[in-house]
Structures are given as C-alpha cells and as structure tokens.
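Note sheet for the following structure.
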Amino acid sequence: MATMYTFKKEERLCNKRLIDKLFHNGSSFLCYPFRVSWLVNPEPQPYPAQILFSVPKKRYKHAVDRNLVKRLMREAYRLHKQQHLYDILQQADKKIIISVGYVGKQIEPYLFIEKKMLRMLAQLSGELTAAIPVTAN
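Residue numbers for the sequence shown follow our numbering, so the first one is 96 and each next one is one higher.
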C-alpha cells in the first residue's frame, strides 16, 4: 500500500454476491449512529478490508443529504482505518468485508461522526480480536 490515507476503488465493497453473503452470514452490532455488519472474507482481495457505506432513503429523502453523510463517514474512515483496523488485520493475516449504515435521526457535524467512527473502529477491532485467533510470529 503506497500511502496510508487513501480510499481507493478497490477498498469499496461493490460485489453483489459478497454484499449478499455479508448480510446473510455476517456479524453485526450497533454503535450509534452506525449499524455495522462484518464478515471475514476467505477470498483474496487487494486490501485488508472492503467497506460499504449506506444512508437510508427512507429517513433522508434528498440525495444531497445522503451524499453529505456518506462523505463525512468516508472521510472519518479514511483518516483512521490504518492504525485502528488495517494493522490488526495485517497482523492476523485476515481480510474482512464491512457494511456501515447510518441510523442517526439527524445529520451530525463532522467532529461527532469522527469521534463515533473511532469508537466504532475500536469496537470492530475488539470483536475481530475475539473472533480471529492472532498467530504470533
């Protein structure tokens, strides 16, 4: 990986088959304002994690509002994924797929979303270390 603070196309979860598998077989938890589903992916993928961000159309009727929330979530994830997620996954030599849905009732400011994203990544890495036995090298 060239730089730590990037968010490339290959890091986005686009494969419909994988998304379907994630929602049917994956583990999930709520870390307000996010609903997170994750699954260890045995298939090879270019990055330790592939992620999908979603904001419900039912709650946010205007596309500009949905896009704003997704942009804020992506930015917070991009800045913190390396130290809070990728390092753990690379140590365990595992790949995961993640879905982050926004369940908040209103559009929150960036600092709030960033703080909650850090908490969500910490909770996810906690669940990962519990689920994946880390092999000592």
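By construction, the Cβ of each residue, glycine as well, lies at the ideal position given by its N, Cα and C atoms.
Spatial distance of residue i from residue j (CA atoms)
| i | j | result |
| --- | --- | --- |
| tyrosine 205 | proline 128 | 13 Å |
| glycine 196 | leucine 108 | 13 Å |
| alanine 171 | leucine 113 | 24 Å |
| isoleucine 202 | glutamate 209 | 13 Å |
| proline 143 | proline 151 | 26 Å |
| leucine 125 | leucine 117 | 16 Å |
| serine 194 | phenylalanine 102 | 15 Å |
| histidine 175 | tyrosine 181 | 9 Å |
| glutamine 218 | serine 149 | 19 Å |
| alanine 225 | tyrosine 100 | 27 Å |
| valine 131 | isoleucine 146 | 10 Å |
| asparagine 162 | lysine 111 | 21 Å |
| alanine 187 | valine 198 | 30 Å |
| glutamate 222 | aspartate 115 | 21 Å |
| valine 164 | proline 137 | 30 Å |
Beta-ladder partner(s) of residue i, from DSSP
| i | result |
| --- | --- |
| phenylalanine 102 | Its beta-bridge partners do not exist; DSSP assigns none. |
| leucine 134 | Ile192 |
| phenylalanine 129 | Cys126, Tyr197 |
| arginine 107 | Ile146 |
Residue i: first and last residue of the uninterrupted alpha helix (DSSP H) it sits in
| i | result |
| --- | --- |
| valine 159 | 158 to 176 |
| tyrosine 197 | Run containing tyrosine 197: none in the alpha helix (DSSP H); it sits in the beta strand (DSSP E), 191 to 197. |
| aspartate 146 | Rather than aspartate, the amino acid found at residue 146 in this sequence is isoleucine. Taken as a continuous stretch (DSSP letters only), isoleucine 146 belongs to no alpha helix (DSSP H), being part of the beta strand (DSSP E) at 144 to 149. |
| arginine 154 | Counting along the chain, arginine 154 falls outside any alpha helix (DSSP H), and DSSP gives it neither H nor E. |
| leucine 216 | 205 to 226 |
| leucine 180 | Note, leucine 180: premise wrong, no alpha helix (DSSP H); not H, not E. |
C-beta contact flag for residue i and residue j at 9 Å
| i | j | result |
| --- | --- | --- |
| lysine 211 | arginine 154 | no |
Beta-carbon separation (whole angstroms), residue i vs residue j, contact threshold 8 Å
| i | j | result |
| --- | --- | --- |
| tryptophan 133 | isoleucine 183 | Actually they do not touch by this definition, with Cβ atoms about 12 Å apart. |
| glutamate 105 | proline 141 | 5 Å |
| histidine 179 | leucine 216 | 4 Å |
Element boundaries [beta strand (DSSP E), containing residue i]
| i | result |
| --- | --- |
| leucine 125 | 122 to 126 |
Minimum Cβ-Cβ distance from residue i to chain D less than 9 Å
| i | result |
| --- | --- |
| glutamate 106 | Note that chain D does not occur in the displayed structure, where there is just one protein chain. |
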